[in-house]
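Chains as they are written, first to last, in our numbering: chain A, 1 to 317; chain B, 318 to 634.
Protein chains: 2
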Amino acid sequence: MSNLKSQIRVAILGYGNIGRAAEEAVKAAPDMELAGIYHHDDCLDKISNDKCQISNDNSQFSILNSQFSNAERPVDVVLVCTPTREVQKFATVLAARGICTVDSFDIHGQIWSLRTALDAVCQANQSVSIISSGWDPGTDSMVRALLQAMAPKGLTYTNFGPGRSMGHTVAAKAIQGVKNALSMTIPLGTGIHRRMVYIELEDGADFKTVEAAILADDYFAHDETHVIAVESVDALNNVAHGVNLVRSGVSGETHNQRFEFNMEINNPALTGQIMVSAARAAFRMKARGEFGAKTMIELRPIDLLPGTIEQNVKALV
Amino acid sequence: MSNLKSQIRVAILGYGNIGRAAEEAVKAAPDMELAGIYHHDDCLDKISNDKCQISNDNSQFSILNSQFSNAERPVDVVLVCTPTREVQKFATVLAARGICTVDSFDIHGQIWSLRTALDAVCQANQSVSIISSGWDPGTDSMVRALLQAMAPKGLTYTNFGPGRSMGHTVAAKAIQGVKNALSMTIPLGTGIHRRMVYIELEDGADFKTVEAAILADDYFAHDETHVIAVESVDALNNVAHGVNLVRSGVSGETHNQRFEFNMEINNPALTGQIMVSAARAAFRMKARGEFGAKTMIELRPIDLLPGTIEQNVKALV
């Protein structure tokens, strides 16, 4: 094909940290074209892309519908970069229109239910939804599956960080007297984590009272937690994250098989990139008639990569 | 199903280090039954399995044919654990009979040609051959593909060892004056390796002459190589091996994304286990009508694992 960039048309829904990272990854992909970016809120100043469509009426659906209908060529895949709790709503509407979606839905306990619901919509409408395709859940899940296949008996420990926990940060911010907060996850091994909670106090708030409230919160009560007052949480801002995933297991009857996967990464950049690579897999699976909702452990690694099977087998196997 | 062990009937062809390890992994698999072991040579004493069929006439084909025809239930997958240069011969005959095969063919430069040849046979006879499914090529290839998808620009270095190199050991043994040899691969980083060659000299052989011949051999001439005379190579025997696979790359426009995969393993035990896990994938792919020859980067990780999609998604994603 003479214009590789136009092979796969990708749109981005939601233009936060991950949406912006995904935009960079789409632009860097040799076989993808950015079809549009869709966002609804009042942060117009954050957006400087001529393909960006803004809605203040909270109704992306109509914008998406009109854009996708009017386009000279249909959008192949929409990257759903909304907050995780809004993923199902948008992915369902898109899948029902036969448009593939990719999300990085990250509530581990609800992944199977999302997969079940979206799978039915995809099967009925000949679309593909790749769900939970960030790094955890996502590529870490693929590594865990691979290590399980290499040593079926044993224990895998996923140690996160050092890096910001979104859930714990939100929980700390909700405590009375906290103006701003950052909860860092520090790995202590065997899946045990320390929480380092940096807080800016509201005027007049008492540190000891706030600290006690944080330590009593269910998010923090079960882990070693340290609360530290700082002048500026913003001054600590850093999207670095990481993982140390270890398994010791048994292959056949042979014990003491040891495996380790480490990474130190920019969190939104990696998440956006993985979603873009998963969009390629969704496009190819739809072309082969493999409809449905899938998690990343259900994808072929080669489908994530540009290039032909021959090129990738020769370069990577 | 009441008897999970009988879901997949697996036979082993070739009863060397890997065949024996594969036997243990089949027996440990909750969904596999050992259908038979086929071997031809005179090392009867190595074999203590009542399912083992021995041929001294170098014609496994006839044994395989009669066994598979007479069996109450057909063999689903044959693990081809022969020397790598004999893989294509056996896999071709089996695939032509509609029987799935798995091998750990490890000559990197010839993998695409093996895949092309076997793919045609598999497509024509509705079988599946999973090729080069050891750890490198194999699971390392899957990790390389995954890291490429996570950070498309950058460099991956695969550092092997410390562990025995089969190819270099054979090359050292072929030098005149060498009675027995062991060539260890020592990783020096960035894909550069040292060769530690331990040799037992023939009676009357001159160490300096043998050392010079080894250093001049094309297998050793390009790497830092040390030759050491020992009383007994057998006393050094150890099937430990390992890998340190590192990538620093770019996700989207974000540089300095760092990844590392390490393992320290029993080599034949891991290879046998990976072949058994790949046999499960072959069985499932055939059941879905996905015929052909595939490398491991073309497999879904979930297909390597026993259990349902729901069980594995809930446990691993």
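Built from N, CA and C at the ideal position, the CB exists for glycine as well.
Taking the Cα positions, Arg414 of chain B is about 24 Å away from Leu621 of chain B. For Leu188 of chain A, the CB contacts under 8 Å within the same chain, skipping 5 residues up- and downstream, are Asn159, Arg194, Glu224 in chain order. Within the region 521–557 of chain B, the complete alpha helix (DSSP H) runs of at least 4 residues fall at 524–533. By the CB criterion at 8 Å, Val560 of chain B and Asp457 of chain B fall inside the cutoff.
Counting of Cβ neighbours within 10 angstroms places Lys153 of chain A among the exposed residues, the total staying below 16.
Annotation for Ala489 of chain B: Val495, Ala498, Ser500, Val514, Ile516, Ile531 place their beta carbon closer than 7 Å to its own, counting only its chain and skipping 5 residues before and after.
With a cutoff of 8 Å on beta-carbon distance, Leu463 of chain B and Pro301 of chain A are scored as near each other. For the options B:Ala491, B:Phe537, B:Val527, B:Gly521, the alpha carbon positioned closest to that of Ile509 of chain B is the one of B:Phe537. About 6 Å separates the Cβ atoms of Pro137 of chain A and Asp106 of chain A, confirming a contact at the 8 Å cut-off. Using a Cβ-Cβ cut-off of 8 Å, Arg144 of chain A counts as an interface residue toward chain B, since at least one Cβ of chain B sits closer than that to its own. When DSSP assignments are scanned along the region 282–315 of chain A, the uninterrupted stretches of beta strand (DSSP E) that are 3 or more residues long and fall wholly within it turn out to be 292–294. When rounded, the separation of the alpha-carbon atoms in Ile265 of chain A and Arg575 of chain B is 6 Å. Shortest Cα-Cα distance from Gly333 of chain B to any of B:Lys603, B:Ala595, B:Gly589 involves B:Gly589.
Cβ neighbours of Ala412 of chain B within its own chain (closer than 7 Å, five residues either side excluded): Thr418, Leu435, Val438, Cys439, Asn442, Ser444, Ser446. Distance check between Asn579 of chain B and each of B:Gly478, B:Glu341, B:Ser568 places B:Gly478 closest, using alpha-carbon atoms only.
Contact residues of the region 493–514 of chain B toward chain A are absent (C-beta to C-beta distance below 9 Å). The alpha-carbon separation between His226 of chain A and Lys208 of chain A amounts to approximately 12 Å.
For the set A:Gly289, A:Ala293, A:Val75, A:Met142, the Cα lying nearest the Cα of Thr92 of chain A is the one of A:Ala293.
Here DSSP, grouped into helix, strand and coil, assigns Val317 of chain A to coil. Among the CB atoms of chain B, none fall inside 8 Å of the CB of Lys286 of chain A.
DSSP, reduced to helix, strand and coil, places Ile175 of chain A outside both helices and strands of the structure shown, so it counts as coil. For Met467 of chain B, same chain residues with a beta-carbon under 6 Å away, outside a window of 5 residues either side, do not exist. Taking CB atoms only, Gln257 of chain A has a neighbour in chain B less than 8 Å away. Nearest neighbour of Thr399 of chain B by Cα position, chosen from B:Ile329, B:Glu548, B:Ser549, turns out to be B:Ile329. Between the alpha carbons of Val80 of chain A and Gly289 of chain A lies a gap of roughly 22 Å.
Not one beta carbon of chain A lies nearer than 8 Å to the beta carbon of Glu350 of chain B. Using a 10 angstroms sphere on the CB of Asn237 of chain A, the tally of other CB atoms stays under 16, which defines it as exposed. Within the region 612–632 of chain B, the residues whose Cβ lies closer than 9 Å to any Cβ of chain A are, in chain order, Thr612, Met613, Ile614, Glu615, Leu616, Arg617, Pro618, Ile619, Asp620, Leu621, Leu622, Pro623, Ile626, Glu627, Asn629, Val630, Lys631, Ala632. Looking only at A:Ile186, A:Ala287, A:Gly109, A:Val143, the smallest Cα-Cα distance to Val246 of chain A is reached by A:Val143. Met613 of chain B and Val313 of chain A have their C-alpha atoms spaced approximately 9 Å apart. Between Ile228 of chain A and Val634 of chain B, the beta carbon gap of about 34 Å keeps them out of contact (Cβ cut-off 8 Å). With respect to the 8 Å criterion, Gly249 of chain A and Glu341 of chain B are not classified as neighbours on the basis of their beta carbons. Under the Cβ criterion of 8 Å, Met263 of chain A is counted among the residues facing chain B. The distance from the Cβ of Pro306 of chain A to that of Ala21 of chain A is about 18 Å, inconsistent with a contact at the 8 Å cut-off.
A distance of 8 Å or more separates the beta carbons of His558 of chain B and Gly484 of chain B. Neighbours of Glu253 of chain A across chain B, judged by C-beta separation under 9 Å: Ala338, Glu341, Ala342, Lys344, Ala345, Ala586.
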